[in-house]
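Asker: Numbering (our numbering), first residue to last: 1 to 368.
Virtual Cβ for every residue (Gly too), placed ideally from N, Cα, C.
Questions regarding the structure given below will be posed in turn.
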């Protein structure tokens with residue numbers, strides 16, 4: 001049996017007729033950049049996420065970069081974030097000329113530990129980027145309280161958590177801005193790169209719209225140094241179809257997660273922790289294994305089950321951030337999680353036989 005960590009083909013086949021019709025509609029219109037499909041999708045995402053505005057951009061990374069730029073964050077500024085995330089989170093801070101300042105994670109949720117944030121705030125701190133990792137929200141009440149007290153901006157990195165909720169609020173809707181990614185593997189994934197910024201601040205939304213088109217609102221008139229970061233109509237049309245099914249797909253992921261939670265009890269693995277304030281999307285189902293997850297990964301991969309480590313090297317230990325002066329031991333929880341976590345397949349199309357095969361393989365490994 002061959003089981004990928006994510007099966008996008010199965011998802012496409014389930015809605016092929018609608019997707020193909022949406023693509024044809026764009027081809028027939030010959031309107032490929034921004035336009036009515038993008039505008040309609042922006043309105044639909046804003047409604048889904050419970051925000052007033054949504055602005056489509058070229059990628060999830062650009063969503064972070066343009067949020068930072070629009071909030072006036074740049075050289076000399078510091079932005080607090082987590083070291084246990086995909087590189088784009090910190091990279092975006094660096095690309096606007098600011099300095100990422102890393103705060104360790106909660107070892108249960110793997111999200112930023114808000115109780116450690118205040119110790120890292122300096123006179124140069126301008127913002128916090130909490131990452132809603134693996135499909136569930138960071139502790140946003142505490143993050144927002146700290147931001148309010150210290151007059152800091154909050155950009156939620158929601159790349160992995162669209163559809164998750166925190167105390168009933170949609171991920172991405174609580175901060176000054178939320179950055180969404182439509183990379184194909186995400187909860188809502190396109191047929192290429194794409195991203196969106198959600199916000200309740202009209203001035204911020206308008207500024208991002210200007211920045212995404214070379215700093216222009218009137219053709220050939222430029223009021224700022226912007227960039228080219230426009231969501232194309234193909235992606236918007238495809239994502240509009242998929243958005244209708246997102247809640248159904250997330251429910252499917254939760255059912256798979258529930259099966260894993262129950263079936264893996266009593267084995268030497270730690271299943272995902274879910275705080276009472278969160279509704280998880282299980283973008284990834286990540287096990288904690290001590291001391292050698294790489295051996296389980298090899299065992300599963302040899303059995304046809306794709307399993308991966310997210311993320312093997314914590315960001316503060318990456319070569320490109322040597323200049324920040326971190327050393328091993330500075331952020332112990334992140335450093336411990338990096339080599340001890342392993343993601344196994346989870347997607348709504350995963351069948352009962354496949355789920356049982358995965359669990360049986362883990363049991364076989366544990367019994368060796």
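1. Here's the rule I'm using: 16 or more other beta-carbon atoms within 10 Å means buried, otherwise exposed. How should residue 196 be labelled?
2. Considering only the alpha carbon of each residue, which of 170, 212 and 149 lies closest to residue 56?
3. With H, G and I counted as helix, E and B as strand and the rest as coil, what does DSSP make of residue 236?
4. Check whether the segment 104-112 touches the segment 334-352, taking contact to mean three or more Cβ pairs, one atom from each stretch, closer than 8 angstroms.
5. Output yes or no for whether 8 angstroms exceeds the beta carbon distance between residue 236 and residue 38.
6. Given 8 angstroms as the limit, is there contact between the segment 168-187 and the segment 215-228, that is, 3 or more CB pairs closer than that?
7. In the structure shown, what three-state DSSP assignment does residue 254 receive?
8. Return yes when the Cβ of residue 225 is within less than 8 angstroms of the Cβ of residue 70, no when it is not.
9. Suppose contacts are defined by Cβ-Cβ distances below 8 angstroms. Is residue 114 in contact with residue 334 by that definition?
10. Can you tell me the Cα-Cα spacing of residue 358 and residue 35, whole angstroms?
11. Considering only the alpha carbon of each residue, which of 104, 242 and 120 lies closest to residue 12?
12. Starting from residue 369 and walking both ways along the alpha helix (DSSP H), at which residues does that stretch end?
13. Applying the 10 Å Cβ sphere with the 16-neighbour rule, what's the burial state of residue 170?
14. Between 61, 76, 16 and 10, which lies nearest to residue 131 when the distance is taken from Cα to Cα?
15. Count the other C-beta atoms from every protein chain shown that fall within 10 angstroms of the C-beta of residue 59, then say buried if there are 16 or more, exposed otherwise.
16. Sort out for me which residues DSSP pairs residue 81 with in a bridge.
17. Looking at residue 136: is its Cβ nearer than 8 angstroms to the Cβ of residue 278?
18. Would you say residue 198 and residue 85 are within 8 angstroms of each other, going by their C-beta atoms?
19. Check whether the Cβ atoms of residue 205 and residue 53 lie closer than 8 angstroms to each other.
20. State buried or exposed for residue 301, treating a residue as buried only when at least 16 other CB atoms are found within 10 Å of its CB.
21. For residue 81, count neighbouring Cβ atoms within 10 angstroms of its own Cβ and tell me buried if that reaches 16, exposed if not.
22. What residue does the beta strand (DSSP E) around residue 288 start on, and which one ends it?
23. Rounded C-beta distance between residue 282 and residue 254? I'm assuming under 8 angstroms.
24. Less than 8 angstroms between the CB atoms is what I'm expecting for residue 289 and residue 22, so what's the real figure, rounded?
25. According to DSSP, is residue 328 helix, strand or coil?
26. For the alpha helix (DSSP H) that contains residue 39, what are its first and last residues?
27. Can you tell me the Cβ-Cβ gap for residue 154 and residue 175, rounded? I've got them flagged as a contact below 8 angstroms.
28. What are the boundary residues of the alpha helix (DSSP H) that residue 95 is part of?
29. Could you tell me if residue 42 is buried or exposed, where buried requires 16 or more neighbouring beta carbons within 10 angstroms of its beta carbon?
30. Out of 45, 44, 46 and 92, point me to the one whose CA is closest to residue 66's CA.
31. When burial is assigned at 16 or more other CB atoms within 10 Å of the CB, is residue 151 buried or exposed?
32. Kindly indicate which three-state DSSP category residue 26 falls into: helix, strand or coil?
33. Per DSSP, what are the beta-bridge partners of residue 153 in this structure?
Answerer: The short version:
1. The residue labelled residue 196 in the question sits at position 196 within the chain shown. Residue 196 is buried by the Cβ-count criterion.
2. Taking the chain shown and counting its residues from 1, the one referred to as residue 56 is at position 56. Ranking the options by Cα distance to residue 56, first place goes to 212.
3. Indexing the chain shown from 1 puts residue 236 at position 236. If DSSP states are grouped into helix, strand and coil, residue 236 belongs with the helices.
4. Yes, the segment 104-112 is in contact with the segment 334-352.
5. Within the chain shown, numbered from 1, the residue matching residue 236 stands at position 236. Within the chain shown, numbered from 1, the residue matching residue 38 stands at position 38. Less than 8 angstroms separates the beta-carbon of residue 236 from that of residue 38.
6. The segment 168-187 is not in contact with the segment 215-228.
7. Within the chain shown, residue 254 is the residue found at index 254, counting from 1. It is helical.
8. Against the chain shown, residue 70 aligns to sequence position 70. Against the chain shown, residue 225 aligns to sequence position 225. Residue 225 sits away from residue 70, with the two beta carbons spaced by 8 angstroms or more.
9. Translated into the one-based positions of the chain shown, residue 114 becomes position 114. Translated into the one-based positions of the chain shown, residue 334 becomes position 334. In this structure, residue 114 sits away from residue 334, with a CB-CB distance that is not shorter than 8 angstroms.
10. Position 358 of the chain shown, counted from the start, is the residue given in the question as residue 358. Position 35 of the chain shown, counted from the start, is the residue given in the question as residue 35. When only Cα atoms are considered, residue 358 and residue 35 end up about 44 angstroms apart.
11. Taking the first residue of the chain shown as position 1, residue 12 is located at position 12. That would be 242, whose Cα lies nearest to the Cα of residue 12.
12. This structure does not reach residue 369, given that the chain is present from 1 up to 368, and the question cannot be answered.
13. Here residue 170 refers to the residue found at position 170 when the chain shown is read from its first residue. Classification of residue 170: buried, given that the 10 Å Cβ count is 16 or more.
14. Numbered from its first residue, the chain shown carries residue 131 at position 131. Selected option, being the one with the closest Cα: 61.
15. Looking up residue 59 in the chain shown gives position 59. With 16 or more other Cβ atoms within 10 Å, it is buried.
16. Along the chain shown, read from residue 1 onward, the residue named residue 81 stands at position 81. Looking at the DSSP output, residue 81 bridges to 102 and 129.
17. Numbered from 1 along the chain shown, position 136 holds the residue referred to as residue 136. Numbered from 1 along the chain shown, position 278 holds the residue referred to as residue 278. Yes.
18. Counting from 1 along the chain shown, the entry for residue 198 is found at position 198. Counting from 1 along the chain shown, the entry for residue 85 is found at position 85. Judged by their CB atoms, residue 198 and residue 85 are not nearer to each other than the 8 angstroms cut-off.
19. Taking the chain shown and counting its residues from 1, the one referred to as residue 205 is at position 205. Taking the chain shown and counting its residues from 1, the one referred to as residue 53 is at position 53. A contact, by the Cβ cut-off of 8 angstroms.
20. Reading the chain shown from its first residue, position 301 is the one you call residue 301. Per the 10 Å Cβ criterion, exposed.
21. As a position in the chain shown, residue 81 is number 81, starting the count at 1. Around the CB of residue 81, 16 or more other CB atoms lie within 10 Å, so the residue is classed as buried.
22. Here residue 288 refers to the residue found at position 288 of the chain shown. If you look at residue 288, you'll find it in the beta strand (DSSP E) that goes 285-288.
23. On the chain shown, position 282 is the one that residue 282 refers to. On the chain shown, position 254 is the one that residue 254 refers to. Indeed, because the Cβ distance is near 6 angstroms, the residues count as touching under 8 angstroms.
24. The count along the chain shown starts at 1 and reaches residue 289 at position 289. The count along the chain shown starts at 1 and reaches residue 22 at position 22. Between residue 289 and residue 22, the beta carbon gap of about 42 angstroms keeps them out of contact (Cβ cut-off 8 angstroms).
25. Within the chain shown, residue 328 is the residue found at index 328, counting from 1. In the structure shown, residue 328 falls within a coil segment according to DSSP collapsed to helix, strand and coil.
26. As a position in the chain shown, residue 39 is number 39, starting the count at 1. Segment 35-49, the alpha helix (DSSP H) holding residue 39.
27. Here residue 154 refers to the residue found at position 154 when the chain shown is read from its first residue. Here residue 175 refers to the residue found at position 175 when the chain shown is read from its first residue. Contact between residue 154 and residue 175 is confirmed by a C-beta separation of about 3 angstroms, below the 8 angstroms threshold.
28. Looking up residue 95 in the chain shown gives position 95. Residue 95 -> alpha helix (DSSP H) spans 88-95.
29. Here residue 42 refers to the residue found at position 42 of the chain shown. Result: buried.
30. Counting from 1 along the chain shown, the entry for residue 66 is found at position 66. Ranking the options by Cα distance to residue 66, first place goes to 92.
31. One-based indexing of the chain shown puts residue 151 at position 151. It counts as exposed.
32. Taking the first residue of the chain shown as position 1, residue 26 is located at position 26. Helix.
33. Position 153 of the chain shown, counted from the first residue, corresponds to residue 153. DSSP output for residue 153 lists 127 as bridge partner(s).
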